[in-house]
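Here is the structure we will look at.
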Amino acid sequence: MAEETEACLRYFQIRFRLRGKDYAAAEQFFEEAIKETMEHANAIAQQIRSLGEIPILRINLSLGGDPMRLEAALAEALDVEQQALDAYKDLLPRVTGDPALQEFIRRQVEVETEHVQGIREFMHAKATVKLVAKSKSGP
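To get the working numbering, take the position in the sequence shown, counting from 1, and add 1220.
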C-alpha cells in the first residue's frame, strides 16, 4: 500500500515539475497515473482489512521542485512502475495457499506489466516525434 501511495505522490509532484509543451504532452498521463495508484493503494488496503488487519502506511519521501524535462519524468515513472511490478512479483510466491489474495496479486502483476509497457510505448512515441523532421513547405 505504501508503494502505491508513494507512487501517487511522486506522480503528483512530477506533473507540476513539467513545463510548457512537456506539461501539455504528459498531463493526461500523470493524471491517470495518480488516479490509478490511489485505486491500487485503496484495493490493497481493502485486502488487508479483509484479512482482519488494519492497514499501516509508512512513507519517508522528499521530492524536489526543480523543473523537469518530459524524458526524465517518464524515466522516473518507468522506474516507479517497474519497482511496483517487481514488488508484486516478489510477493506472489508468498501468498500461495490464499486463493483470493493470490488472484489479487496476479491481477496487480498484470496491471503493472501493462503500465510498464504503456510508459515504454509513450516514451517511444515521444522519441519518434522528435526524430521526425518538420517538413518544409515549398513551391
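Even glycine gets a Cβ: it sits at the ideal position worked out from N, Cα and C.
Does DSSP classify residue i as helix, strand or coil?
i, result
"Glu1273", "coil"
"Gly1240", "helix"
"Arg1230", "helix"
"Leu1290", "helix"
"Met1221", "coil"
"Arg1235", "helix"
"Ile1268", "helix"
In its own chain, which residues sit with a C-beta less than 8 angstroms from the C-beta of residue i, not counting the 5 before and 5 after it?
i, result
"Ile1325", "Tyr1308, Leu1311, Leu1312 and Val1315"
"Leu1229", "Ile1279, Leu1281 and Leu1283"
"Leu1298", "Val1336, Ile1339, Arg1340 and Met1343"
"Lys1346", "Ala1245, Leu1290, Glu1291 and Leu1294"
Nearest CA to the CA of residue i: which residue from the options?
i, options, result
"Ile1279", "Glu1223, Arg1340 and Gln1302", "Glu1223"
"Gln1266", "Ala1320, Leu1290 and His1335", "Ala1320"
"Val1336", "Gly1285, Arg1289, Leu1294 and Ala1245", "Leu1294"
"Arg1239", "Ala1292, Ile1274, Thr1257 and Glu1259", "Ala1292"
"Asp1318", "Val1331, Ile1268, Ala1246 and Arg1235", "Ile1268"
"Gln1302", "Leu1277, Val1331, Asp1286 and Arg1235", "Val1331"
"Leu1256", "Tyr1231, Glu1296 and Ser1270", "It is worth fixing the name first, because residue 1256 is Glu in this sequence and not Leu. Closest by alpha carbon: Tyr1231."
Is the shortest distance between the beta-carbon of residue i and the beta-carbons of chain B less than 9 angstroms?
i, result
"Leu1271", "Within the model displayed, chain B is absent; a lone protein chain is all it includes."
Contact check, residue i vs residue j under 8 angstroms by CB: the rounded distance?
i, j, result
"Leu1305", "Thr1333", "6 angstroms"
"Asp1286", "Arg1237", "7 angstroms"
"Val1300", "Ala1227", "5 angstroms"
Enumerate in chain order the residues of its own chain whose CB-to-CB distance from residue i is below 7 angstroms, with the five nearest sequence positions on each side excluded.
i, result
"Ser1355", "Its pLDDT being 47, under 50, Ser1355 is placed unreliably in this model, and the value from its coordinates should be taken loosely. Here the set comprises nothing."
"Ile1264", "Met1221 and Glu1224"
"Leu1277", "Met1221, Ala1222 and Thr1225"
At 4 residues or longer, what runs of the alpha helix (DSSP H) sit wholly inside the segment 1299-1355? If we require 4 residues or more, the alpha helix (DSSP H) runs fully inside the segment 1299-1355 come out as 1319-1351.
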